[in-house]
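Read through the structure below, which is laid out as structure tokens, and then see the notes.
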Amino acid sequence: VGKWRPLMKCNRVFRSRDGGRSWYVVFEGAPEIIRHFHTLQADPFSPGTWWLSSGDRSEESRVWRSTDDGDTWLDVTNPAPRIKLPSSYRKHHQAAFRYTDIVIGSDHMIWGSDDLLGGTLQGDPRFELQERSGSRIYRSTKADQLDLEELGYVGHPVRSIVDIGQAYLFITEA
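According to our numbering, the stretch in the sequence shown is residues 113 to 286, in order.
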């Protein structure tokens with residue numbers, strides 16, 4: 113970042129209260145901490161609650177929640193979730209919070225990681241699942257610190273989720 117820092121701008125989330133005639137910053141993060149935001153989504157079960165996510169490197173992958181329509185934000189990222197990842201990736205647990213789409217339920221959220229969660233050479237199906245790199249599907253209750261539960265292995269990074277009624281389709285990049 114060094115010599116480029118003076119040229120870099122903070123990443124921001126804007127909000128309007130007058131139908132888009134004027135905008136103001138409600139969240140801001142330094143570029144060396146937040147590379148960019150991935151999602152901003154209203155919680156359909158909790159009026160005034162919003163969920164915001166960022167990525168890309170493990171330490172940049174975070175989730176925030178606002179319960180006052182974006183006026184204040186709480187970082188709800190769990191820096192050490194109790195999940196199993198390949199041994200080469202165990203110091204990068206926070207990458208599990210890198211997502212580009214999310215399903216928000218009444219008391220939980222579900223997403224597919226937008227990260228391989230391990231090295232590309234570890235994606236071989238001959239590896240046991242806990243040692244195989246690849247995207248996974250996670251679920252967490254809505255809390256001040258998200259506690260991840262792995263629901264399944266996907267492989268390629270998840271880009272979007274489609275609700276088809278009785279199930280969800282997880283669309284990957286490959």
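Even glycine gets a Cβ: it sits at the ideal position worked out from N, Cα and C. Since we're looking at a predicted model, the values are computed, not measured.
How is the beta strand (DSSP E) around residue i delimited, first residue to last?
i    : result
S247 : 247 to 253
I195 : Neither: I195 is in no beta strand (DSSP E) and is coded neither H nor E.
W162 : 162 to 167
D183 : Taken as a continuous stretch (DSSP letters only), D183 belongs to no beta strand (DSSP E), as it is neither H nor E.
E261 : 260 to 267
V175 : 175 to 178
N123 : 123 to 127
R147 : From DSSP, R147 is part of no beta strand (DSSP E); its letter is neither H nor E.
I273 : 270 to 275
Exposed or buried, which one is residue i when buried takes at least 16 other CB atoms within 10 Å?
i    : result
P193 : buried
F139 : buried
A207 : buried
F209 : buried
D226 : buried
P118 : exposed
W135 : exposed
M221 : buried
P269 : buried
G160 : exposed
Helix, strand or coil, according to DSSP, for residue i in the structure here?
i    : result
A142 : coil
E285 : coil
A154 : strand
E243 : helix
H205 : helix
S218 : coil
S200 : helix
Short of 6 Å in beta carbon distance, which residues of its chain neighbour residue i, apart from the five on each side in sequence? Order them along the chain.
i    : result
L197 : L229
V274 : L281
T212 : H150, D226, R271
S173 : G167, Q206, A207, F209, R210
Output needed for residue i: all residues of its chain with C-beta closer than 8 Å, excluding positions within five of it in sequence on either side, in chain order.
i    : result
D259 : N190, P193, R194, S252, T253
H148 : N123, S166, G167, D168
Excluding the 5 residues flanking residue i on each side, which residues of the same chain have their C-beta closer than 7 Å to its C-beta?
i    : result
L241 : Y265
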